[in-house]
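Below: one structure, written as structure tokens.
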Amino acid sequence: MVKSSRLQKSPVAGNTTRFASPFKARLTSYLTRMEASPASPPTSPFARARSAGRAEKHWPRLEGASEAVRRLEENIARVATFDCSVLITGETGCGKEEVARAIHAAGPRNDKPFVAINCGGLVADLAESQLFGHEKGAFTGAFGSSRGAFRAAEGGIIFLDEIGELPIDLQPKLLRVLQRWEVTPVGSTEAHAIDVQVVAATNRDLESDVASGSFREDLLYRLNTIHLTVPPLRARKEDIPRFVEHFSAHFAREYGRQQWVPDDRMLDRFARHSWPGNVRQLAQTIQRVYVFEDRIDAVLAEVFDASAAPTARAVGAAADADLAPPMEMGATEALVSAIVQADEHAASEQRVPVFNLDELRRLAVRQALEFTQGHRGQAATLLGVSLNTMTRLVAESCPEVQSKSGRRRVPPPPQPR
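In the working numbering, the protein residues as written are 55 to 471.
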């Protein structure tokens, strides 16, 4: 068990809390000992635009001084000057929306709306209305008209997050909008011209989805005029200590606690960890440190040690909002049993085994929740779906699994300065 933690009272009280000075000195010392990075290039277009005062108060800061971040900033600044569709790809939690907001801030549309839509969270029966709008009386419950997301973003940028989750029957309608730049609200025959820039993002391999038939190839071509890739956290390890400093200060302020100061050895473990959940996982880890400040070593062991004890895993899972009730039967055993029974039944009739997909989906969802102690984010990763899709699967397949309420929700930490 690693003795890694120390709480340091900040020298300034209240919401103006600064980083604890021992942390800053330790961070400086640690970064100095790291492998020297290439010499800093000339001032980036980001910095030049900021110094000129362009949309400064809205400018999202992309944290880090690594070469990967510098290249990304250069590409964002270049792309922002051209009015074309952009596809942002990257792993879950690496900051794709921050990149989209940076494009908005750096471009000529920065004084117009930025409308973000999570395609994985669109309600199946209302998705078309949510995107393109509807007229009064177009369907049951339509007591008024709605402009929809595209018209709400007029003149600005519409950000289609998790575009790979867009229902297949809605994809040709989106394609038509991108071809003609007009939308027709549900229940109307009148098309409305739109002036928006489309930025989409996904953590999926859309080319594989095209090959499998779950994503339209022509839509991919329309979205993928410019392709930006956000590097995972493990590809910019030299930035990790700065994230630790930022999130530690953030949650110290949010919870009104003394600031947690990791020692050099622990900073090194943070920097060497692979962080499959990227910046989001790192932020949640620091958050759990504050929630379980009397069990910090167990919380960190859950993250860093593959052989962590079940009790340590339970500590981490308990810090998350979504907890599943005890399962009456092991979901893994139930899943295996269903497959074996189907296989045996097929063998007896000399045919290929056929499974009940709804039942297998239900069992797979329960298995993932059981394995992760009810952590929906980790369960979504196991199943290879987005968190919004996981939430929908739980609601459809396991309605008996409810989120426990009553815990204090902390707003997501702002992008580091």
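For every residue, glycine included, the Cβ atom is placed at its ideal position computed from N, Cα and C.
Please read these numbers as outputs of a predicted model, since none were measured by experiment.
Straight-line gap, residue i to residue j (C-alpha atoms, nearest Å)
| i | j | result |
| --- | --- | --- |
| cysteine 353 | phenylalanine 346 | It should be noted that the sequence gives valine, not cysteine, for residue 353. Whole-angstrom Cα-Cα distance: 7 Å. |
| valine 333 | serine 242 | 43 Å |
| aspartate 351 | phenylalanine 297 | 19 Å |
| glutamate 308 | histidine 327 | 26 Å |
| serine 457 | aspartate 322 | Low per-residue confidence applies at serine 457: pLDDT is 46, beneath 50, and the placement is therefore not dependable, though the value from the model is reported in the following sentence. Cα to Cα, serine 457 sits roughly 35 Å from aspartate 322. |
| leucine 229 | isoleucine 222 | 11 Å |
| glutamate 127 | glycine 144 | 15 Å |
| arginine 258 | valine 439 | 9 Å |
| serine 302 | glutamate 182 | 41 Å |
| leucine 436 | arginine 234 | 39 Å |
| threonine 445 | glutamate 424 | 15 Å |
| glycine 431 | glycine 331 | 9 Å |
| leucine 417 | histidine 429 | 16 Å |
| alanine 93 | alanine 134 | Summary for alanine 93: the model assigns pLDDT 38, below 50, so the residue's position carries little reliability; its value from the coordinates is reported in the next sentence. Straight-line Cα distance between these residues: approximately 26 Å. |
| histidine 246 | isoleucine 130 | 30 Å |
| threonine 496 | tryptophan 314 | Coverage of the chain is limited to positions 55 through 471, which leaves residue 496 absent and any answer about it impossible. |
| glutamate 413 | aspartate 359 | 34 Å |
| aspartate 348 | arginine 311 | 13 Å |
| asparagine 164 | lysine 150 | 18 Å |
| valine 343 | histidine 300 | 14 Å |
| arginine 124 | proline 286 | 14 Å |
| lysine 227 | alanine 422 | 34 Å |
| threonine 146 | alanine 325 | 19 Å |
| glutamate 152 | lysine 166 | 17 Å |
| alanine 207 | serine 199 | 17 Å |
| aspartate 317 | leucine 260 | 42 Å |
| alanine 122 | leucine 176 | 33 Å |
Test item: CB-CB of residue i and residue j under 8 Å
| i | j | result |
| --- | --- | --- |
| alanine 178 | histidine 188 | no |
| alanine 449 | leucine 441 | no |
| phenylalanine 186 | valine 237 | yes |
| glutamine 338 | tryptophan 329 | no |
| arginine 276 | leucine 232 | yes |
| histidine 281 | isoleucine 211 | no |
| isoleucine 142 | valine 253 | yes |
| glutamine 225 | leucine 180 | no |
| alanine 160 | aspartate 215 | no |
| glycine 118 | arginine 288 | no |
| phenylalanine 305 | isoleucine 340 | yes |
| glutamate 356 | serine 120 | no |
| arginine 420 | leucine 447 | no |
Contact belief for residue i with residue j at Cβ below 8 Å, rounded distance in angstroms
| i | j | result |
| --- | --- | --- |
| serine 139 | threonine 279 | 4 Å |
| phenylalanine 168 | phenylalanine 213 | 7 Å |
| cysteine 148 | valine 284 | 5 Å |
| alanine 154 | glutamine 184 | Their Cβ separation, rounded to whole angstroms, is 18 Å, which puts alanine 154 and glutamine 184 out of contact at 8 Å. |
| alanine 255 | isoleucine 217 | 7 Å |
Outcome for residue i when other beta-carbon atoms lying within 10 angstroms are tallied against a minimum of 16
| i | result |
| --- | --- |
| threonine 426 | buried |
| glycine 209 | exposed |
| lysine 190 | exposed |
| phenylalanine 193 | exposed |
| proline 295 | buried |
| alanine 319 | Looking at the sequence itself, residue 319 is arginine, so the reference to alanine does not match. When all chains shown are included, arginine 319 counts as exposed. |
| glutamate 89 | Its pLDDT being 41, under 50, glutamate 89 is placed unreliably by the model, and nothing is read from it. |
| glutamate 219 | buried |
| lysine 111 | Confidence in lysine 111 is poor, its pLDDT being 34 and thus under 50, which makes the residue's placement unreliable; the coordinate value appears in the next sentence. It counts as exposed. |
| proline 453 | exposed |
| proline 162 | exposed |
| glycine 174 | buried |
| serine 491 | Limits of the chain in this structure are 55 at one end and 471 at the other, which puts residue 491 out of reach. |
| glutamate 244 | exposed |
| serine 262 | exposed |
| valine 240 | buried |
| arginine 132 | exposed |
| phenylalanine 136 | exposed |
DSSP bridge partner residues for residue i (one or two, in chain order)
| i | result |
| --- | --- |
| threonine 283 | Thr143 |
| glutamine 251 | Ile211 |
| alanine 289 | DSSP, once it has assigned bridges, lists no residue as partnering alanine 289. |
| asparagine 172 | Asp215 |
| serine 440 | DSSP, once it has assigned bridges, lists no residue as partnering serine 440. |
| valine 240 | His188 |
| histidine 246 | Val237 |
| serine 200 | His188 |
| threonine 256 | Thr143 |
CB contact below 8 Å: residue i versus chain C
| i | result |
| --- | --- |
| arginine 319 | Structure shown: chain C not included; a single protein chain is present. |
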